[in-house]
Amino acid sequence: GMISCGCMYDDCYGYCAPRCANKIEPAENCPSLAEAGANMNFGNSIYNDHHFHYGYFVYAAAVLARFDSAAEQRLRPQILSLIRDYGNPSADDPFFPVARHKDWFLGTSWAGGLQRMANGRNQESTSEAVNSYYALYAYGASLQDKDGAPFARNLRDFGRLLTAMEAHGADVYWHVRRNSKIYGADYKHRVVGIMWEHVAEFQTWFGAANYIVSGIQLLPFTPVMESALNKEWVTQHLPEYSHDCAIDPECRRGWSWPLCLEQAVLDPRKALECIRALPADAFHADNAASNGNSLTNSLHWIATRDFPTESFRGWSGSLTTVATTASETTTHGTTQKGQTMAPPNASTTTSESWWSRWPSSEGNSTSPWCYELDVVYFPVEDEEASRFQLKGRTRTQAIS
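For the sequence shown, the positions run 600 to 999 when the numbering used here is used.
In C-alpha cells form, the structure reads like this:
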C-alpha cells in the first residue's frame, strides 16, 4: 500500500522558505510510521480513509486530463499509485489489494484501517466513498481514447461498478426511511452518521451536532450525487436536516450549503433562494465543510437539476444559452428524443465556459442564474444524456 509520511512544516519563523523538515528516508524516519503516527493524517498510516482522501486527488486528475493532457501525463505514475491503493482492479498486482475498502457482500465500504475496535469496522461519509469510486470512473473515461492508457476502459468500468454498489449500499443502510425494516421504530433519525459492524450511530467522528451528522453524508457535491440522492429519502430527510440547522446558529457557518443543495433535488428554485440567503462567508475556507465547495459549484448543481415545467409560470419556449464563444444568442433545449427540455440535465459534459439565462417566473424575460462555468460531467448513466447544438456542431457531449 501507499501511505503519507506527513509534513513537519517549518518556515524558520518566517525567515526561510516553507519546507517539510522531517526526513522520510530510510522508511523508519517516516513520522506516520512511529507509534504516535497512527493519528496523523486521519490514520493514513494504518490505511484509514484512503478512499475518501485519495478519491479527491483522482477526481481532480480526471478533470486535469480533460483540460491539460500534458500535465496529467506527467503526474500519471503518482495518480495510478493512488488508484492502485484504494481502487485497484487487478488481483495480479503484488503491491496493492483489490478495492482495499470494499465489502463485496454488503456492497459498501469500511473506512477504518488496520485497528481493533469494540464495534468492529466502520464507515462515516458514504458520499465521500461514492465520490472516490466515481473518480475512478471519471479518470478512466477521460483517458479511454488516449494513447498510452490501455488500462482506461477497464478502470472506467470497474469504477462504474464500485460506484453503483456504494451508492446502492448507502441508500439501504445510511439513508433511513420511516418504517425501516432494517432499524425498526427505535431508530428515530432519517440518516446514519457512522455505520459499524455491530451498531449504527447518529454522530460523527468530529462532532455530535445533528446538522453535522446530516451534512457529512452530503459532501462533496459532484455529478454522481444525482445517483446517490434518492428523492424518496430526500423528501423524508430534508425536513429533519432543515429543522436541525434552523435551531443551531453554528449550522450557518459552513454546514448550511449542503442543505440548500439537497433541497435542489426536490425544488431547485427554493434551493437558489436558500443559497442566496447564506451568510457572505458561507463558502470561506475557514468554515468547516466549506473548503471543498464553492458558490460556483453550488450554483451549477442547482442550475442542472430537474426544474419542473410548471414552475415557469406564464413562460413558453426553450432554454436560451449565451455562449462565450458565440457572437449571438442561440436557442437550445431539444433532447435526443425530440422533447423540449428546460433546463438541461446534468448528464452532460462541457469543456467551454458558458452563461445560462433561464426564463424568469414572470413572463418571457430571462434572468441570469450562473456565470461562466468550466465544469466536466462524467455521467454514470448516459443513455438519456442531452446534446446541445451550437452553430451546427455538438457543443455539449455525453461521455459514452
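By construction, the Cβ of each residue, glycine as well, lies at the ideal position given by its N, Cα and C atoms.
{"Item": "According to the neighbour-count rule (16 or more other Cβ atoms, all chains shown, within 10 Å of its Cβ), is W709 buried or exposed?", "Value": "buried"}
{"Item": "Where DSSP assigns a beta bridge to D609, which residues make up the other side?", "Value": "R618"}
{"Item": "Below 8 Å on the Cβ atoms is my guess for Y653 versus D692; work out the distance and round it to an integer in Å.", "Value": "That pair is no contact at about 16 Å."}
{"Item": "Where does Q781 sit, in a helix, a strand or coil, going by DSSP?", "Value": "The question names Gln, yet the displayed sequence has Ile at residue 781. Three-state result, I781: coil."}
{"Item": "What are the boundary residues of the beta strand (DSSP E) that W795 is part of?", "Value": "793 to 795"}
{"Item": "Can you tell me which of A728, A717, F695, G712 puts its alpha carbon nearest to the alpha carbon of G706?", "Value": "A728"}
{"Item": "Is it true that the CB of A808 sits closer than 9 Å to the CB of D847?", "Value": "yes"}
{"Item": "Find the nearest neighbour of W804 within the set C629, R752, N721, D746, judged by alpha-carbon distance.", "Value": "N721"}
{"Item": "Here's the rule I'm using: 16 or more other beta-carbon atoms within 10 Å means buried, otherwise exposed. How should K787 be labelled?", "Value": "exposed"}
{"Item": "Can you tell me whether V790 is buried or exposed, with buried defined as 16 or more other CB within 10 angstroms of its CB?", "Value": "buried"}
{"Item": "Taking the alpha helix (DSSP H) that K787 belongs to, which residues open and close that run?", "Value": "Unbroken run through K787: none, as it is neither H nor E."}
{"Item": "Indicate whether the contact test is met: 3 or more Cβ pairs, each with one atom in the segment 761 to 769 and one in the segment 730 to 745, closer than 8 Å.", "Value": "yes"}
{"Item": "Y733 lies in the alpha helix (DSSP H); which residues open and close that run?", "Value": "725 to 742"}
{"Item": "Got a sec? Which residues, its chain only, sit under 7 Å from A670 by beta carbon, not counting five neighbours each side?", "Value": "L663"}
{"Item": "For G739, which residues in the same chain have their Cβ closer than 7 Å to its Cβ, ignoring the five residues on either side in sequence?", "Value": "A751, R752, L754, R755, G758"}
{"Item": "What does the alpha-carbon distance come out to for the pair D866 and C611?", "Value": "52 Å"}
{"Item": "Among Y658, M794, G853, which has the Cα closest to the Cα of V823?", "Value": "Y658"}
{"Item": "Nearest by alpha-carbon distance to W854: which of L713, G768, G891 is it?", "Value": "G891"}
{"Item": "What are the boundary residues of the alpha helix (DSSP H) that includes W703?", "Value": "Neither: W703 is in no alpha helix (DSSP H) and is coded neither H nor E."}
{"Item": "Just the Cα atoms here: how many angstroms apart are S603 and C619?", "Value": "13 Å"}
{"Item": "Could you say which of L818, H883, R875, R776 lies nearest to P558 if we only look at CA atoms?", "Value": "In this structure the chain extends from 600 to 999, so residue 558 is not present and cannot be described."}
{"Item": "Where do the N-terminal and C-terminal ends of the alpha helix (DSSP H) with V657 fall, by residue?", "Value": "649 to 666"}
{"Item": "Restricting to Cα atoms, I'd like to know which of S668, Y772, I815 is closest to E796.", "Value": "Y772"}
{"Item": "Between S897 and P625, what straight-line distance do the alpha-carbon atoms span, to the nearest angstrom?", "Value": "44 Å"}
{"Item": "Please report the Cβ distance between T725 and Q862, rounded to the nearest whole angstrom; I am assuming they are in contact, meaning their Cβ atoms lie under 8 Å.", "Value": "The pair is not a contact, with the Cβ atoms about 19 Å apart (cut-off 8 Å)."}
{"Item": "Classify A799 as helix, strand or coil using the three-state DSSP reduction.", "Value": "strand"}
{"Item": "State the CB to CB distance for the pair N829 and R852, rounded to an integer number of angstroms; the pair is presumed to be in contact (CB under 8 Å).", "Value": "Not quite, the Cβ-Cβ distance comes to about 28 Å (not below 8 Å), so this is no contact."}
{"Item": "Taking Cβ to Cβ, would you say G605 is nearer than 9 Å to C629?", "Value": "yes"}
{"Item": "For T903, report the span of its alpha helix (DSSP H) as first-last.", "Value": "Note, T903: premise wrong, no alpha helix (DSSP H); not H, not E."}
{"Item": "Any idea which residues DSSP pairs H774 with across the strands?", "Value": "V790"}
{"Item": "Report buried or exposed for Y614, applying the criterion of at least 16 other Cβ atoms within 10 angstroms of its Cβ.", "Value": "exposed"}
{"Item": "With 16 other CB atoms within 10 Å as the buried threshold, where does R665 fall?", "Value": "buried"}
{"Item": "Are the beta-carbon atoms belonging to F820 and L860 less than 9 Å from one another?", "Value": "yes"}
{"Item": "For V979 and A766, I'd like the C-alpha separation in whole angstroms.", "Value": "Bear in mind that a pLDDT of 43 at V979, under 50, signals an unreliable position, so the number given afterwards is only what the model happens to contain. Near 12 Å, if we compare the C-alpha coordinates of A766 and V979."}
{"Item": "Roughly how many angstroms lie between the CA atoms of N621 and L632, to the nearest whole one?", "Value": "12 Å"}
{"Item": "Can you find the residues in the same chain that come closer than 7 Å, C-beta to C-beta, to L679, ignoring five residues on each side of it along the sequence?", "Value": "none"}
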